[in-house]
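J.:
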Amino acid sequence: GGYVIHLSAGVAGFVAAAVIGPRLQRDREIDAPNNVAMVAVGAGLLWLGWNGFNGGDPYASNMSAAAAVLNTNLCTAVALLVWIAWDYLTGRKPSLIGTVNGMIVGLVAITPAAGYVNGWGAIAMGVIASTIVYFALNYLSRLRPFRNVDDTLGVIYTHGFAGLAGGLLVGVFADPQMALFYKTSKHGLVAGGAVAGLVHGNATLLKWQFFAALFVICWTGLITFLILKLVGLFIPLRMSEKNMEIGDVAEHGHEVYPSDVPSLGYPNGIPGVTGGAAEPPVPAAPSTA
């Protein structure tokens with residue numbers, strides 16, 4: 213899951229954002245979330261559902277599934293707390309959006325490792341992955357090519373970097389006592405195969421995890437680029453500048469939040485938000501019926 217789902221999604225999203233192009237500058241400058249309360253609800257649903265995502269992988273109600281669920285929650289909780297800690301240590305104010313980012317990083321990072329690492333490994337992965345992605349999102353994003361690509365939701369960081377970190381850390385923390393699987397022998401398939409990481413004296417897994425990551429990055433980036441270019445020959449991938457200026461009305465025929473659009477809700481601007489002396493909307497005349 214760390215590679216085939218999250219690393220590939222991060223790379224594909226980044227390539228798509230680069231090919232399609234950025235939003236309008238005015239939209240890029242507005243960094244306010246739309247509905248923080250719903251973000252909290254969605255985050256809770258995501259965390260809860262991820263237990264089934266990772267715990268259901270063995271297709272059985274066994275110790276491997278139980279370990280996967282436990283490790284999922286351990287890594288996620290630690291990654292969330294580490295993100296908040298870095299906000300404090302770097303002089304920022306901890307926020308719900310940042311907390312959810314830390315949560316997502318933990319969920320993504322543990323996905324490839326949930327059934328293969330022990331509890332201490334899951335905790336270590338939460339610390340390492342959250343730290344890597346935190347600094348990538350806040351500092352690496354200022355450098356080329358990242359600053360030139362309008363990756364609106366930061367998918368390359370919370371999914372791409374987190375998935376890459378999780379996949380590589382499997383090669384570091386995989387515990388041979390955690391998961392047994394079937395292997396091939398002269399007698400056919402027999403139980404007893406195990407996976408060991410670097411901390412357990414085996415560097416081979418880390419090497420192959422590294423090569424697998426390179427393959428996924430190159431393959432996903434190339435194929436995504438080709439698909440977008442092919443589709444772009446028949447269907448425009450980018451709205452016209454005029455339609456982007458208009459917004460939702462151009463695409464859907466109405467605005468989700470009319471009060472945010474001066475020409476619809478507040479002709480003189482949103483009270484208390486826009487610059488200058490914005491006047492409140494004129495109340496409707498009372499009915500005489």
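Going by my numbering, the sequence shown opens with residue 213, and the numbers climb by one from there. Note that CB positions come from ideal geometry on N, CA and C, so glycine has one too.
Given this structure, state the Cα-to-Cα distance separating PHE358 from SER273, to the nearest angstrom.
T.: Each residue's Cα considered, the two are about 43 Å apart.
J.: Roughly how many angstroms separate the alpha carbons of GLY214 and GLY318, rounded to a whole number?
T.: For GLY214 and GLY318, the distance between alpha carbons rounds to 11 Å.
J.: Do THR370 and VAL407 have their C-beta atoms within less than 9 Å of each other?
T.: The answer is no: Cβ separation not under 9 Å.
J.: Any idea what DSSP makes of ASN246, helix, strand or coil?
T.: ASN246 falls in the coil class under three-state DSSP.
J.: Flag this pair as yes or no: are the beta carbons of ALA377 and MET337 separated by less than 9 Å?
T.: For ALA377 and MET337, yes; Cβs fall inside 9 Å.
J.: Where LEU418 and GLY261 are concerned, what is the direct C-alpha to C-alpha distance, given to the nearest angstrom?
T.: Straight-line Cα distance between these residues: approximately 29 Å.
J.: Rounded to the nearest angstrom, what separates ALA229 and GLN389 at their Cα positions?
T.: Rounded to whole angstroms, ALA229 to GLN389 spans 42 Å at the Cα level.
J.: If I measure Cβ to Cβ from LEU219 and keep anything under 8 Å in the same chain, skipping five residues before and after, which residues do I get?
T.: Hits under 8 Å: HIS371, GLY372, GLY375, LEU376, GLY379, ALA425, VAL428, ILE429 and THR432.
J.: Just to confirm before moving on: does the CB-CB distance between GLY383 and GLY366 stay below 9 Å?
T.: Cβ atoms of GLY383 and GLY366: not closer than 9 Å.
J.: May I have the straight-line CA-CA distance separating MET250 from THR311, to the nearest angstrom?
T.: Each residue's alpha carbon lies about 14 Å from the other.
J.: Would a C-beta distance cut-off of 9 Å place ILE447 and GLY225 closer than the cut-off?
T.: Not in contact: ILE447 and GLY225 (Cβ atoms no closer than 9 Å).
J.: Going by beta carbon distance, what residues of the same chain come within less than 6 Å of ILE482, once the five residues before and after it are set aside?
T.: Summary for ILE482: the model assigns pLDDT 46, below 50, so the residue's position carries little reliability; its value from the coordinates is reported in the next sentence. The answer is none, since no qualifying residue turns up.
J.: In this structure, does DSSP put GLY233 in helix, strand or coil?
T.: In the structure shown, GLY233 sits in coil (DSSP, three-state: anything other than H, G, I, E or B).
J.: Return the residue from the list ILE309, ILE439, GLY267 and VAL339 that minimises the CA-CA distance to VAL227.
T.: Among ILE309, ILE439, GLY267 and VAL339, the Cα nearest to that of VAL227 is on ILE439.
J.: Taking the alpha-carbon positions, what's the GLY477 to GLU457 distance?
T.: Legend: pLDDT at GLY477 = 49, less than 50; position of this residue unreliable, value from coordinates given subsequently. Distance between the alpha carbons of GLY477 and GLU457: 17 Å.
J.: Let me check understanding here. Comparing Cα to Cα, which of THR323, LEU355 and LEU449 lies closest to GLY268?
T.: It is THR323.
J.: Since HIS464 is in the alpha helix (DSSP H), which residue starts that stretch and which ends it?
T.: Segment 460–464, the alpha helix (DSSP H) holding HIS464.
J.: On the premise that ILE335 lies in contact with LEU286, defined as a C-beta separation below 8 Å, what is that separation, rounded to the nearest angstrom?
T.: Going by Cβ atoms, the distance from LEU286 to ILE335 rounds to 6 Å, so yes, they are a contact pair.
J.: On the three-state DSSP scale, how would you describe LEU445?
T.: Residue state, collapsed to three classes: coil.
J.: Taking the CB atoms as reference points, tell me whether ALA321 and SER342 lie closer together than 9 Å.
T.: Contact: yes.
J.: I'd like the list of long-range same chain contacts for ILE217, defined as Cβ closer than 6 Å, with 5 residues on each side in sequence excluded.
T.: Answer for ILE217: no residue qualifies.
J.: So which of ALA277, ALA348, ASN283 and THR364 has the shortest CA-CA distance to GLU241?
T.: It is THR364 whose Cα lies nearest to the Cα of GLU241.
J.: In this structure, does DSSP put GLU467 in helix, strand or coil?
T.: Coil.
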